[in-house]
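Note that the sequence shown covers residues 15 to 226 in our numbering.
In what follows, a single structure is set out as structure tokens and then discussed.
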Amino acid sequence: MKSIKFALLALVTLVFTSFAFAGETYHSCDKKGVRNGVDAYDCIYSEAAPDRIEVEVADERDGGTKLIRVNSAYDVRCNANQRCAVMYSDVIKTGAVVGSGKPGTYRLNYDHYIDFDANGNPTQYLRGTGPQFGGAPASGGAAVKGAKGAVTEASCEPQMDDACTINKKKVAKADLGKYLPVVNEADVRAAKGFCEYPICYNADNQPIGISK
15 MKSIKFALLA
25 LVTLVFTSFA
35 FAGETYHSCD
45 KKGVRNGVDA
55 YDCIYSEAAP
65 DRIEVEVADE
75 RDGGTKLIRV
85 NSAYDVRCNA
95 NQRCAVMYSD
105 VIKTGAVVGS
115 GKPGTYRLNY
125 DHYIDFDANG
135 NPTQYLRGTG
145 PQFGGAPASG
155 GAAVKGAKGA
165 VTEASCEPQM
175 DDACTINKKK
185 VAKADLGKYL
195 PVVNEADVRA
205 AKGFCEYPIC
215 YNADNQPIGI
225 SK
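Put into structure tokens, the structure is as follows:
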């Protein structure tokens, strides 16, 4: 687990443009058939997404950032030990381990990795969220979901320890992890979202997780 997480964190330090998956942190993979003797899965959010997207990345020359164009998706292959490595990407080194999955090939969205949902089905997760980063596994679908189901509203009163609500119902702050996955606050900000401790939101003001 540690080696996979390290590889995921070390792949790229990027600020991505969430053109097609705003508000979504995971997506179930669909089996598309058998290719070269192994199952082939498609995990991307939308077939209508452009092939190339513009992303903001760190500029090591001056410490600032710059815009580059990258492929919106990349391919990985998972072996019999359920270790998944990059087959082709224009920003991630070939062979880099980017998650766990059933043996087969997978097409993932940029800045996502492969793992399982709560039912053992292959699922792509946004980097910084999901089981590889201490969050709950998805239960399927496109909405943020935890053990208690889909979350459409979440908030906490900053001056009151247990004054939190999930879907307009009172919830103890200590129980928020039953509803929302743990997310990396830096990744949330990079995606134009924000955090009001302990809850983080995407750019559309939808709850996506709780900060570490």
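The C-beta atom is built at its ideal place from N, Cα and C for all residues, glycine as well.
Could you tell me which of Val71, Cys43, Ala168 and Val48 sits nearest to glutamate 61, measuring between CA atoms?
Cys43
Under the three-state DSSP convention, the category glycine 148 falls into:
coil
Could you compute how far the alpha carbon of glycine 47 sits from the alpha carbon of glutamate 199?
37 Å
Report the residue from Tyr211, Ala217 and Ala205 whose alpha carbon sits nearest the alpha carbon of glutamate 70.
Ala205
Quick one: give me the first and last residue of the beta strand (DSSP E) that valine 84 is part of.
79-85
Identify the residues that DSSP records as bridge partners of glutamine 138: which are they?
His41 and Ile128
Determine, using beta carbons only, whether aspartate 104 and valine 84 come nearer to each other than 8 Å.
It is a contact, given that the beta carbons lie within the stated cut-off.
Option nearest isoleucine 224 by Cα separation, candidates Arg75, Ile58, Gly113 and Thr143:
Thr143
Just tell me which of Tyr59, Lys226, Thr119 and Ala186 has its CA closest to the CA of glycine 148.
Lys226
When you compare each of Gly191, Asn135, Cys209 and Ala63 to lysine 116 by their alpha carbons, which one comes out closest?
Asn135
Are the CB atoms of serine 153 and alanine 132 nearer to each other than 8 Å?
Cβ atoms of serine 153 and alanine 132: closer than 8 Å.
Buried or exposed: where does asparagine 123 fall if 16 or more other Cβ atoms within 10 Å of its Cβ makes it buried?
buried
Cα-Cα separation, lysine 184 to aspartate 76:
47 Å
Who are the Cβ neighbours of threonine 79 in its own chain at under 8 Å, not counting the five residues just before and after it?
Val29, Glu70, Val71, Ala72 and Asp73
Taking the alpha helix (DSSP H) that valine 105 belongs to, which residues open and close that run?
Element bounds for valine 105: n/a, residue is neither H nor E.
So, is glutamine 173 buried or exposed, given that buried needs 16 or more other C-beta atoms within 10 angstroms?
exposed
7 Å CB neighbourhood of glycine 160 in its chain, flanking five on each side removed
Residue placement at glycine 160 is flagged as unreliable, the pLDDT there being 46, under the threshold of 50; the coordinate-derived value follows with that caveat. Around glycine 160: Ala150, Lys192, Tyr193, Leu194 and Pro195.
Closest by C-alpha distance to asparagine 50, when choosing among Ala63, Gly118, Tyr139 and Gln96
Gly118
Along the chain, where does the beta strand (DSSP E) that runs through aspartate 53 open and close?
Counting along the chain, the unbroken beta strand (DSSP E) around aspartate 53 starts and ends at 52-56.
Work out the CA separation of aspartate 65 and lysine 107 for me, nearest whole Å.
19 Å
Which partner residues does lysine 183 have in the DSSP bridge list?
Ile180
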